[in-house]
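Following: one structure in structure tokens, then a few remarks.
Written out as structure tokens, the structure reads:
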């Protein structure tokens, strides 16, 4: 009776499987899951704060003290805002640091009162002094992480830009205006208005800047 030889199993896929199951890979996965991005407010401390800055592009941090009344009133606002911020096109993770306990960390960022709020953009801190209500937190932080000037390449992009910008800030859209000409104003007034250049109209012989005023 003839016997059939079994095919040889290539060694390289087996090595790949071993690597996938190795403790090193598991530890890396666990490290990546240390900072959830599902809309929960995460608690940071001196041992993991720098790792969070390296892992999260946009990190909004509440430096608080457990005994602080203002901090206690802010906490539910952050809980409400966090899932909305996590769902933005540029997701923002909300975190808290007990700066009364981790005073060295608070001192590093100049925390001298509670609560102190900071938005870290690629690790660079910007102090937040705006409204602490959930809806206005979302509105303001959304503006902080937006590009200085958005380039809109179609009519639908213009429509989406206006809808996403909302009605709280003025909206300036340049038609037949080069992006670089608007960029100076976009940088200067980043926190106060939305700026965009409609790319489809850049080759026209005329230029127009339209303003959509906020409702309030």
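Residue numbers (mature numbering (1 follows the signal peptide of the UniProt record, and there is no 0)): -31 to -1, 1 to 185.
For glycine and all other residues, C-beta sits at the position ideal for the given N, C-alpha and C.
Considering Cα atoms alone, identify which of the options is closest to residue i.
i: residue 116; options: 89, 160 and 20; result: 160
i: residue 119; options: 17, 15, 61 and 166; result: 166
i: residue 88; options: 45, 16 and 21; result: 21
i: residue 56; options: 66, 5, 81 and 157; result: 5
i: residue 91; options: 23, 7, 18 and 142; result: 23
i: residue 44; options: 143, 137 and 102; result: 102
Tell me which residues share the same chain as residue i and place their Cβ nearer than 7 Å to its Cβ, disregarding the 5 neighbours each side in the sequence.
i: residue 47; result: 10, 31 and 63
i: residue 135; result: 108
i: residue 152; result: 117 and 118
If you follow the beta strand (DSSP E) that residue i is in, where does it begin and where does it stop?
i: residue 29; result: 27 to 33
i: residue 140; result: 140 to 144
i: residue 168; result: First-last for residue 168: undefined, no H or E at that position.
i: residue 64; result: 62 to 67
i: residue 12; result: 11 to 13
Which same chain residues end up closer than 6 Å to residue i when comparing Cβ atoms and leaving out the 5 residues on each side of it in sequence?
i: residue 114; result: 27 and 59
i: residue 3; result: none
i: residue 51; result: 8, 10 and 63
Could you spell out where the alpha helix (DSSP H) holding residue i opens and where it closes?
i: residue 57; result: Careful: residue 57 lies outside any alpha helix (DSSP H) and carries neither H nor E.
i: residue 18; result: 18 to 24
i: residue 76; result: 72 to 77
Apart from the five residues just before and just after residue i, which ones in its own chain have a Cβ nearer than 8 Å to its Cβ?
i: residue -9; result: Low confidence applies here, because residue -9 scores a pLDDT of 38, under 50, leaving its location unreliable; read the following figure in that light. Excluding residues within five positions, none has a Cβ falling inside 8 Å.
i: residue 39; result: 83 and 84
Could you check how far apart the C-beta atoms of residue i and residue j are, in whole angstroms? I think they sit under 8 Å.
i: residue 139; j: residue 180; result: 6 Å
i: residue 18; j: residue 54; result: Not confirmed; about 19 Å, so no contact.
i: residue 168; j: residue 122; result: 5 Å
Contiguous beta strand (DSSP E) assignments of at least 3 residues, all confined to the stretch 80 to 134: 85 to 90, 93 to 97 and 119 to 121
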